[in-house]
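Engineer: Heads up: the sequence shown begins at 223 in my numbering, then just goes up one per residue. Glycine residues also receive a C-beta, built at the ideal position from the N, C-alpha and C atoms.
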Amino acid sequence: MKIALLGYGKMGKAIESVIDGIPQHEVILKYDGESDGPLTTSMLKEADVAIEFSTPATAIFNINKCFEAGVPVVVGTTGWYKHLPELTIQCEETNSTLFWASNFSIGVNIFFAVNKYLAKVMNEQEQYEVTLEEIHHTEKLDSPSGTAITLATGVLEELDRKHVWVNQPAEGEEQLSIISKREAGVPGTHLVTYQSGIDTIEISHVAHSRLGFAQGAVKAAEWVHGKQGVYTMSDMLQF
């Protein structure tokens with residue numbers, strides 16, 4: 223496949239390194255908005271698929287350009303999800319292709335499934351208070367992370383006593399607290415904790431590098447090529 227990289231920061235370079243190891247794929251566009259000017263459909267016309275890891279401020283524009291160019295787009299940028307409903311409608315009306323995920327790591331997506339199962343089990347154990355913590359590198363622009371929001375959503379879907387997540391210590395029993403920390407050199411750590419007066423149950427995922435995210439994004443690009451519609455990692459992994 224001919225692949226366009228939209229966003230050529232640390233993740234873009236990690237994805238390029240994965241693609242370089244696959245003979246049947248090649249990167250035909252390395253687009254960095256800051257130095258390359260506005261993205262145009264002519265820049266995308268030779269691509270079979272685009273992989274988008276830019277910023278929350280530019281992701282919507284890049285997605286729209288891919289729709290206009292008729293190029294399937296795999297989006298790993300987070301922080302733009304309030305626009306997902308309108309983009310879903312637009313994608314369907316224009317017969318376009320959008321694959322989005324808050325995290326492309328296969329391990330993280332297994333972690334999402336474990337998190338939902340644990341929350342379902344803990345729904346009957348009201349003596350446990352649940353909290354989330356996420357730690358990322360200091361360059362991460364959104365807070366909480368998209369991964370933390372996905373974890374929180376999984377808890378809220380299964381745990382009747384929690385109704386809303388907050389990015390601070392909880393101020394009421396119905397709130398699910400997400401604590402966000404930023405530390406130099408941390409690819410991504412997520413911790414879900416259930417604590418009672420008797421014991422503590424914790425599940426965690428610790429990323430050691432960006433490689434898992436990059437490999438997952440390339441697999442998503444391979445999987446979505448030739449499809450139309452809106453997809454997520456749950457579709458690809460058949461969870």
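(1) Start and end of the beta strand (DSSP E) containing Pro249?
(2) Would a C-beta distance cut-off of 7 Å place Ala443 and Val271 closer than the cut-off?
(3) Are the beta-carbon atoms belonging to Asn337 and Thr369 less than 7 Å from one another?
(4) Determine the extent of the alpha helix (DSSP H) in which Thr263 is found, giving its start and end residues.
(5) Just tell me which of Ala374, Pro245, Asp242 and Thr280 has its CA closest to the CA of Tyr253.
(6) Pull up the CB-CB distance for Leu413 and Glu405, whole angstroms please, since I reckon it's below 8 Å.
(7) Check Thr360 in the structure and name its three-state DSSP category.
(8) Under 6 Å from any heavy atom of the ligand GTP, does the C-beta of Thr375 make it?
(9) So, at 8 Å on beta carbons, what are the nonlocal neighbours of His447 in its own chain, with the 5 sequence-adjacent residues on each side left out?
(10) Report the rounded CA-to-CA distance for Thr263 versus Gly292, giving the unit in angstroms.
(11) According to DSSP, is Lys287 part of a helix, a strand, or is it coil?
(12) Taking only runs that begin and end inside the segment 388 to 459, name each unbroken alpha helix (DSSP H) of 4 or more residues, in chain order.
(13) Look up Ala323 in the DSSP assignment and say whether it is helix, strand or coil.
(14) Assign Thr280 to one of three DSSP states: helix, strand, or coil.
(15) Of the residues Val343, Phe435 and Asp421, which one's Cα is nearest the Cα of His478?
(16) State the start and end residues of the unbroken beta strand (DSSP E) segment that holds Lys338.
(17) Count Cβ pairs between the segment 315 to 325 and the segment 390 to 398 that sit closer than 8 Å; are there 3 or more?
Structural biologist: To lay it out plainly:
(1) Taking the first residue of the sequence shown as 1, we reach residue 249 at position 27. Looking at the sequence itself, residue 249 is Val, so the reference to Pro does not match. Per DSSP, Val249 belongs to the beta strand (DSSP E) from Glu248 to Tyr253.
(2) Counting from one through the sequence shown, the residue named residue 443 turns up at place 221. Counting from one through the sequence shown, the residue named residue 271 turns up at place 49. Cβ atoms of Ala443 and Val271: closer than 7 Å.
(3) Within the sequence shown, the letter at position 115 stands for residue 337. Within the sequence shown, the letter at position 147 stands for residue 369. Cβ atoms of Asn337 and Thr369: not closer than 7 Å.
(4) In the sequence shown, residue 263 corresponds to position 41, counting from 1. It spans Thr263 to Leu266 - the alpha helix (DSSP H) in which Thr263 sits, taken as one unbroken run.
(5) The sequence position of residue 253 within the sequence shown is 31, counting from 1. Residue Thr280 is the option with its Cα nearest to Tyr253.
(6) Here residue 413 refers to the residue found at position 191 of the sequence shown. Here residue 405 refers to the residue found at position 183 of the sequence shown. Going by Cβ atoms, the distance from Leu413 to Glu405 rounds to 14 Å, so no, they are not a contact pair.
(7) Residue numbering aside, residue 360 sits at position 138 when the sequence shown is read from its first letter. If DSSP states are grouped into helix, strand and coil, Thr360 belongs with coil.
(8) Only the bare structure without any ligand can be found here, which leaves the ligand GTP out of the picture.
(9) Residue mapping note: residue 447 aligns to position 225 of the sequence shown, counting from 1. Counting only Cβ-Cβ distances below 8 Å, and skipping sequence neighbours, we find Met223, Asp270, Val271 and Pro294.
(10) On the sequence shown, position 41 is the one that residue 263 refers to. On the sequence shown, position 70 is the one that residue 292 refers to. Cα-Cα distance, rounded: 9 Å.
(11) The count along the sequence shown starts at 1 and reaches residue 287 at position 65. Note: Lys287 maps to helix in three-state DSSP.
(12) 433 to 446 and 455 to 459
(13) In the sequence shown, counting from the first residue as 1, residue 323 sits at position 101. Ala323 falls in the coil class under three-state DSSP.
(14) Residue 280 sits at position 58 when you count from the first residue of the sequence shown. In this structure, Thr280 counts as helix in the three-state DSSP scheme.
(15) A query on residue 478 cannot be resolved here, the shown segment of the chain reaching from 223 to 461 and no further.
(16) As a first step, residue 338 is located in the sequence shown; it is residue number 116 there, counting from the start. Counting along the chain, Lys338 falls outside any beta strand (DSSP E), though it belongs to the alpha helix (DSSP H) covering Ile328 to Met344.
(17) no
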